[in-house]
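Asker:
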Ligand code: VAH
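Numbering (the UniProt record's numbering), first residue to last: 11 to 330.
1. Does DSSP put residue 199 in a helix, in a strand, or in coil?
2. Where does the unbroken alpha helix (DSSP H) through residue 102 begin, and where does it stop?
3. Which residue marks the beginning of the beta strand (DSSP E) containing residue 221, and which one marks its end?
4. Quick check: the Cα distance between residue 182 and residue 296, rounded to an integer number of angstroms?
5. Taking the alpha-carbon positions, what's the residue 6 to residue 265 distance?
6. Using DSSP with H/G/I as helix, E/B as strand and the rest coil, what is residue 130?
7. Quick one: is the Cβ of residue 4 within less than 7 Å of any heavy atom of the ligand VAH?
8. Let's test the definition: count the other Cβ atoms within 10 Å of the Cβ of residue 283 and tell me whether it reaches 16, buried, or not, exposed.
9. Mind checking residue 166: buried by the 16 CB within 10 Å criterion, or exposed?
10. Can you name the residues that DSSP bridges to residue 40?
11. Could you check whether residue 271 and residue 207 sit closer than 8 Å to each other, using their CB atoms as the reference points?
12. Distance check for residue 179 and residue 214, CA to CA, integer angstroms please.
13. Taking residue 124 as the reference, give the member of 118, 157, 256 with the closest Cα.
14. At a threshold of 7 Å, does residue 73 count as lining the ligand VAH (C-beta to nearest heavy atom)?
15. In chain order, what are the residues with a CB under 5 Å from some non-hydrogen atom of the ligand VAH?
16. Give a yes or no on whether the C-beta atoms belonging to residue 83 and residue 227 are separated by under 8 Å.
17. Pull up the distance between the alpha-carbon of residue 175 and that of residue 70, whole angstroms please.
18. Are three or more beta carbon pairs between the segment 38–46 and the segment 13–25 nearer than 8 Å?
19. Helix, strand or coil, according to DSSP, for residue 324 in the structure here?
20. If we ignore side chains and look at the alpha-carbon of each, how far apart do residue 108 and residue 255 end up?
21. Quick check: what's the CA-CA separation for residue 154 versus residue 248?
22. Assuming contact is defined by CB atoms lying nearer than 8 Å, are residue 187 and residue 53 in contact in what I supplied?
23. Excluding sequence positions up to five away, which residues of its chain have a Cβ less than 8 Å from the Cβ of residue 59?
24. Would you list the residues sitting across from residue 254 in a DSSP beta bridge?
25. From this set, 198, 318, 289, which residue's C-alpha is nearest residue 273's C-alpha?
26. Please report the straight-line C-alpha distance between residue 144 and residue 245, rounded to a whole angstrom.
27. Given residue 225, which residues of its chain have a CB within under 7 Å of its CB, disregarding the five upstream and five downstream residues?
28. Going by DSSP in three states, residue 243 sits in which element: helix, strand or coil?
29. Considering only C-alpha positions, which residue in the set 325, 288, 79, 281 is nearest to residue 118?
Below, the structure written as structure tokens:
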């Protein structure tokens with residue numbers, strides 16, 4: 011039985027669906043902060059869970075006989091800068107709760123997402139290698155760097171099989187992205203369809219490592235199913251797929267909406283993006299567990315429009 015925290019988030023929504031397809035719906039317990047009454051039947055089993063409540067987490071693990079936890083609940087980079095100590099506490103204490111419960115109840119595996127936010131000025135605007143110096147400039151990035159070390163600690167001291175990926179910016183259509191710096195690449199699709207234009211909070215030439223959600227979910231399942239002895243990396247694995255700038259993404263959107271226009275008005279998220287690499291070197295993931303991305307910018311843009319155009323066509327028609 012698999013428990014997922016942050017199940018209503020951008021990654022959680024897709025990961026729960028993918029895990030349920032593989033293991034069966036009843037084998038995947040979705041949890042998040044939302045009240046269970048609001049959850050439609052086909053998305054159950056669902057439990058309201060505050061990941062800072064270790065007793066609640068532990069009783070779910072015991073009640074359901076949980077054997078794996080995917081811990082996705084966290085505050086992302088931009089939102090974290092608005093309340094640094096709150097973000098640190100949520101991101102770190104929740105991870106420690108998960109690691110402790112997993113250790114005490116001898117769970118088979120734990121997944122915890124790291125991020126390219128662990129990188130900073132030493133690789134800013136360049137390609138970050140797997141063994142780059144980690145010098146994060148955001149609280150979120152600091153919590154991801156510390157989290158990678160804690161995961162290694164529980165693996166080395168208690169034999170816990172905890173696995174982790176440094177996700178790039180993730181683009182998806184099924185759940186809104188929340189509070190990230192890379193989330194312009196999600197919002198732009200919705201605004202392009204809604205009003206044909208988008209004001210971007212990053213400068214046009216800000217290249218960032220990105221990935222389509224289908225690739226990110228597959229990478230997660232492939233990492234979790236890889237033979238343990240193949241995984242030599244002490245920290246989280248770099249995984250890469252795309253690297254593009256807002257200007258390049260706007261050109262890709264114009265293939266679908268020719269008169270789409272973009273304007274630029276950089277805000278404080280620009281300084282976060284400036285501290286991150288333009289791309290990552292994922293040779294180690296390709297070697298250790300055969301990582302291979304499938305979606306390039308064209309394929310991603312097409313899939314996003316295939317799923318979002320009908321949604322906006324109906325709603326625009328409805329408002330006609
Ligand atoms: C954020 N989307 O922007 C997340 C991610 C690589 C960025 O960690 O905070």
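We put the beta carbon where it would ideally sit given N, CA and C, even for glycine.
Answerer: This is what the structure gives:
1. helix
2. 94–114
3. 218–222
4. 23 Å
5. Residue 6 is absent from the model: the chain starts at 11 and stops at 330.
6. coil
7. With the chain covering 11 to 330 only, the question about residue 4 has no answer from this structure.
8. buried
9. exposed
10. 14, 56
11. yes
12. 16 Å
13. 157
14. no
15. 86, 87, 125, 126, 127, 179, 190, 191, 192
16. no
17. 25 Å
18. yes
19. helix
20. 36 Å
21. 13 Å
22. no
23. 15, 41, 42, 43, 66, 67, 70
24. 218
25. 198
26. 11 Å
27. 251, 303, 304, 305
28. coil
29. 79
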